[in-house]
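Below is one structure, written out as structure tokens; the observations come after it.
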DNA sequence: ATCGATTCTGAAAACGTTTACAGTATTCAG
DNA sequence: CTGAATACTGTAAACGTTTTCAGAATCGAT
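Protein chains in written order, with my numbering: chain A, 649 to 994; chain B, 649 to 994.
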């Protein structure tokens, strides 16, 4: 591999000149240097540069699961912004596990200049872990504690859940079930509470049997739906006296997929027997027997916003006048398809 | 950030001893050093180490689209193997574009020790591009030219396509359509030819109107299916004289999703009017109105195989006795669900 | 021509490691 | 206790950059 010394020798200048010309400064023998560089196929050594500058021009992006299309799009958005700035990106999945996340960060921290993360856990230990990195950090989608101390990008979960509730109410539903994610997460809590609060404001109470709370996973989604079915909340004899629910809100896409799996297996007809709505769009949502109505998020835009915040912070890192912490909230939208209808016999 | 010098000073030894102890050699004052390291929270500087050793302990993984669940699983497999070996991984998507891929490689090449890639193009220029990197490379799923000169992992496309054809034949289909990917790719060609050859061997000819060839993309899948519909190949009046196809083979998952979208929009009933089978499993395949029968690939295992090949090559890189080039072919399997049935009126 | 101001140049130091080399302490056999 | 063998140690060089500093070339004005 050719080094800057080889280039300098071939061009008949000092290595300083080569370095300067590469940095865009004015140099008398620019043409000779350019020639030498292309003759030798010289590429600056990243490690040496990183060592000298104390910068790696690389950032770590950690998400719970890169195979989730929401996260995939998010990462794409982050990439788009950083690539143009000459940054490399290391993407890794934490599998929603604090331990995996912690290990990843340990491995990555001294190879990157900053971290964009959708934390697996929102607890204090995550906050400490991130603070200990002593690098610019931007949180996405979830927070860590009440005073995270990092920039944050998320969406208006409250409005989204409210929109879902309003929509179901407007269709005439009064007996509604909900499958929610972990309540120790911001999206879990916000969506859950806003949904229930909106119903309550309309005088609709959700019985505790129709509330399922657990992991944001496909597996839990399936189990929760199975329970609802077994309890007779869903798909019970369609007699007039049925006390089951006529609509179901699921708080994210992976849980929704699991729930749909269970509902399908049980032969529940959507939307005839049950109206179905969930947070987060997903691949093929529109292909299902009843294309699923969803609250969709601007994942790419979230990525852009996160990257912008991080770039700003990288720029000022180390200096005394840090820009103030920023919390960017992006809007969500209701995408109406065909999985919701008026309740039967209403 | 604490350096090795700080540790050495605190422990009262030379930096060489610290380095040696970190490398696992025997050192008299190991305990004092360990203590100093943990007191200072010392972490070796990756750039300095990379500079000195000429190694980065990082590999690049380039796939066409990380959001495709097959590639996501593949990457997961690669990660699993490399993580345990202390390697970092940079994942990037080429979007099936040679230009993007070329740029990515340019940016990444001097930050990594090796490259695992599903090349966007299989042509000569990709081969040259990769060869010019002068690093260990493993190709996955696709090749580059007839004499790639790199290790290669893929699956038995021929058997897979043959299995699909045999299955459709066994159900009694004789008028069969095919949507294939680009024929300048190994999977595109192998699947296409094996499928047609198997049919031909059974005396079944596929008319050219029922053959669509294009990009491995959702968009092309949709367009191809739309064309088939418009041409009256699919969903024509179900009279006895209909000359349309009764079964459709699609050569990968993204095209299949596009085709399903179009079929669904046109109200084609699967498998009543049309049997549907495709290469590659996909998320939610089992949730569709008619769960889709697919040829599935062992993506994780492919990732493992690729990683193993690459590790071996990294180990011997630079030495004179390179291990011989290896081409690993993994088996595929037919996953029967409910999208195929006997043809109508048969 | 001369001078000062300006622009460019190269030598050398630094970044944080690993490792060859030469040297010092320890161990062991006699 | 001696000497040889062994086990460890520290110094210093190297990896390929960027950047400071002092000095050299160029330029413009007189």
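The C-beta atom is built at its ideal place from N, Cα and C for all residues, glycine as well.
- Item | Residues near residue 944 (chain B) by beta carbon distance below 6 Å, same chain, minus five either side | Within the second chain, residue 944 (chain B) is the residue found at index 296, counting from 1. Taken in chain order, the residues that qualify are 929, 981 and 983.
- Query: Whose C-beta lies closer than 8 Å to the C-beta of residue 887 (chain A) among residues of the same chain, with five residues either side of it excluded?
  - Reply: Along the first chain, read from residue 1 onward, the residue named residue 887 (chain A) stands at position 239. Because the pLDDT at residue 887 (chain A) is just 45, under 50, the model does not fix this residue reliably, and the value given afterwards should be weighed accordingly. Closer than 8 Å at the Cβ level, and outside the excluded window around residue 887 (chain A), lies no residue.
- Using a Cβ cut-off of 8 Å (strictly closer), state whether residue 717 (chain B) contacts chain A. Translated into the one-based positions of the second chain, residue 717 (chain B) becomes position 69. Judged by the 8 Å Cβ criterion, residue 717 (chain B) is in contact with chain A.
- Item | Supposed close pair residue 775 (chain B), residue 792 (chain B) - CB separation, criterion 8 Å | As a first step, residue 775 (chain B) must be located in the second chain, where it is residue number 127. As a first step, residue 792 (chain B) must be located in the second chain, where it is residue number 144. Sure, about 4 Å apart at Cβ, within 8 Å.
- For the segment 726-734 of chain A and the segment 948-960 of chain A, state whether three or more C-beta atom pairs, one from each stretch, are separated by less than 8 Å. yes
- Task: Quickly, what does DSSP pair residue 918 (chain A) with across the bridge? List them, please.
- Result: Your numbering for residue 918 (chain A) matches position 270 in the first chain. Partner(s): none; residue 918 (chain A) has no beta bridge.
- Three-way DSSP call (helix, strand, coil) for residue 760 (chain B) in this model: Counting from one through the second chain, the residue named residue 760 (chain B) turns up at place 112. Residue 760 (chain B): coil per DSSP, three-state reduction.
- Message: Between B:950, B:976 and B:891, which has its C-alpha nearest residue 921 (chain B)'s C-alpha?
- Response: Translated into the one-based positions of the second chain, residue 921 (chain B) becomes position 273. Residue 921 (chain B) has its Cα closest to that of B:891, out of B:950, B:976 and B:891.
- Message: Between residue 693 (chain A) and chain B, is the shortest Cβ-Cβ distance under 8 Å, so that the two count as touching?
- Response: Taking the first chain and counting its residues from 1, the one referred to as residue 693 (chain A) is at position 45. Judged by the 8 Å Cβ criterion, residue 693 (chain A) is in contact with chain B.
- Query: Are there three or more Cβ pairs, one per stretch, closer than 8 Å when the segment 763-774 of chain A is compared with the segment 818-834 of chain A?
  - Reply: yes
- Task: Could you give the DSSP three-state label for residue 975 (chain B): helix, strand or coil?
- Result: Taking the first residue of the second chain as 1, we reach residue 975 (chain B) at position 327. Note: residue 975 (chain B) maps to strand in three-state DSSP.
- Item | 8 Å Cβ cutoff, residue 738 (chain B) in contact with chain A | If you number the second chain from 1, residue 738 (chain B) lands on position 90. Chain A, which has a Cβ nearer than 8 Å to the Cβ of residue 738 (chain B), makes this yes.
- Query: Which of the three DSSP states, helix, strand or coil, is assigned to residue 702 (chain A)?
  - Reply: Working through the first chain from its first residue, we reach residue 702 (chain A) at position 54. Reduced to three states, the DSSP call for residue 702 (chain A) is coil.
- Reduced DSSP category for residue 657 (chain B) - H, G, I as helix; E, B as strand; rest coil: The residue you call residue 657 (chain B) lines up with position 9 of the second chain. Three-state DSSP puts residue 657 (chain B) in a helix.
- Given 8 Å as the limit, is there contact between the segment 671-679 of chain A and the segment 666-682 of chain B, that is, 3 or more CB pairs closer than that? no
- Message: If we define contact as Cβ-Cβ less than 8 Å, is residue 937 (chain B) a contact residue for chain A?
- Response: For the purposes of this step, residue 937 (chain B) is taken as the residue at position 289 of the second chain. Residue 937 (chain B) counts as touching chain A.
- Residues of chain A with CB under 9 Å from residue 931 (chain B), in chain order? Along the second chain, read from residue 1 onward, the residue named residue 931 (chain B) stands at position 283. Here the neighbours are 715, 717, 905, 930, 931 and 932.
- Beta carbon of residue 687 (chain A) nearer than 8 Å to that of residue 658 (chain A): As a first step, residue 687 (chain A) must be located in the first chain, where it is residue number 39. As a first step, residue 658 (chain A) must be located in the first chain, where it is residue number 10. Yes, the pair counts as a contact, with Cβ atoms nearer than the cut-off.
- Message: Excluding the 5 residues flanking residue 925 (chain B) on each side, which residues of the same chain have their C-beta closer than 6 Å to its C-beta?
- Response: By 1-based counting over the second chain, the position of residue 925 (chain B) is 277. Here the set comprises 812, 897, 941 and 988.
- Message: Can you pull the chain B neighbours of residue 804 (chain A), defined as C-beta to C-beta under 8 Å?
- Response: As a first step, residue 804 (chain A) must be located in the first chain, where it is residue number 156. Going along chain B, no residue has its Cβ under 8 Å from residue 804 (chain A), so there is no contact; the nearest lies around 24 Å.
- Item | the segment 799-810 of chain A contacting the segment 853-864 of chain A, beta-carbon criterion three pairs below 8 Å | no
- Determine the DSSP secondary structure at residue 780 (chain A), reduced to helix, strand or coil. Your numbering for residue 780 (chain A) matches position 132 in the first chain. Of the three classes helix, strand and coil, the one that applies to residue 780 (chain A) here is helix, per DSSP.
- Query: Which residues of chain B have a Cβ atom closer than 7 Å to the Cβ of residue 696 (chain A), listed in chain order?
  - Reply: Indexing the first chain from 1 puts residue 696 (chain A) at position 48. The contacting residues are 699.
- Quick one, which residues of the segment 752-765 of chain A are near chain B if we go by CB-CB under 8 Å, in chain order? 755, 756, 757, 758 and 759
- Neighbour flag for residue 889 (chain A) against chain B, beta carbons, 8 Å: As a position in the first chain, residue 889 (chain A) is number 241, starting the count at 1. Interpretation of residue 889 (chain A) is limited by its pLDDT of 45, a score under 50 that renders its predicted location unreliable; no figure is taken from the coordinates.
- For the 8 Å Cβ check, are there 3 or more pairs between the segment 903-911 of chain A and the segment 869-876 of chain A? yes
- How big is the Cα-Cα spacing for residue 747 (chain A) and residue 719 (chain A)? Translated into the one-based positions of the first chain, residue 747 (chain A) becomes position 99. Translated into the one-based positions of the first chain, residue 719 (chain A) becomes position 71. Roughly 20 Å separates the two Cα atoms.
- Task: Check the Cβ-Cβ distances between residue 909 (chain A) and every residue of chain B, and say whether any is below 8 Å.
- Result: Walking along the first chain from the start, residue 909 (chain A) turns up at place 261. Taking Cβ atoms only, chain B reaches closer than 8 Å to residue 909 (chain A), which makes this a yes.
- Do residue 788 (chain A) and residue 764 (chain A) have their CB atoms nearer than 8 Å? For the purposes of this step, residue 788 (chain A) is taken as the residue at position 140 of the first chain. For the purposes of this step, residue 764 (chain A) is taken as the residue at position 116 of the first chain. Yes, the Cβ-Cβ distance between residue 788 (chain A) and residue 764 (chain A) is below 8 Å.
- Within 8 Å (strictly less), CB to CB, does residue 720 (chain A) reach chain B? Mapped onto the first chain, residue 720 (chain A) falls at position 72. Answer yes: the Cβ-Cβ gap between residue 720 (chain A) and chain B drops below 8 Å somewhere.
- Message: Using the three-state DSSP reduction, which class does residue 896 (chain B) fall into: helix, strand or coil?
- Response: As a working mapping, residue 896 (chain B) is identified with position 248 in the second chain. Note: residue 896 (chain B) maps to strand in three-state DSSP.
- Message: Counting only C-beta atoms, is residue 912 (chain A) closer than 8 Å to chain B at any point?
- Response: For the purposes of this step, residue 912 (chain A) is taken as the residue at position 264 of the first chain. Taking Cβ atoms only, chain B reaches closer than 8 Å to residue 912 (chain A), which makes this a yes.
- Hey, residue 978 (chain A) and residue 804 (chain A) are a contact pair by Cβ (cut 8 Å); roughly how many whole angstroms apart? As a working mapping, residue 978 (chain A) is identified with position 330 in the first chain. As a working mapping, residue 804 (chain A) is identified with position 156 in the first chain. Indeed they touch by this definition, with Cβ atoms about 7 Å apart.
- From residue 815 (chain B) to residue 825 (chain A), what does the alpha carbon distance come to, in whole angstroms? Sequence index remark: in the second chain, residue 815 (chain B) carries index 167 (1-based). Sequence index remark: in the first chain, residue 825 (chain A) carries index 177 (1-based). Computed Cα separation, rounded: 43 Å.
- Item | Paired residues, beta bridge with residue 740 (chain A) - DSSP | Translated into positions along the first chain, residue 740 (chain A) becomes position 92. For residue 740 (chain A), which the question treats as bridged, DSSP gives the partners A:710.
- Task: Give the secondary structure of residue 719 (chain B) by DSSP, where H, G and I count as helix, E and B as strand, and everything else as coil.
- Result: As a position in the second chain, residue 719 (chain B) is number 71, starting the count at 1. Three-state result, residue 719 (chain B): helix.
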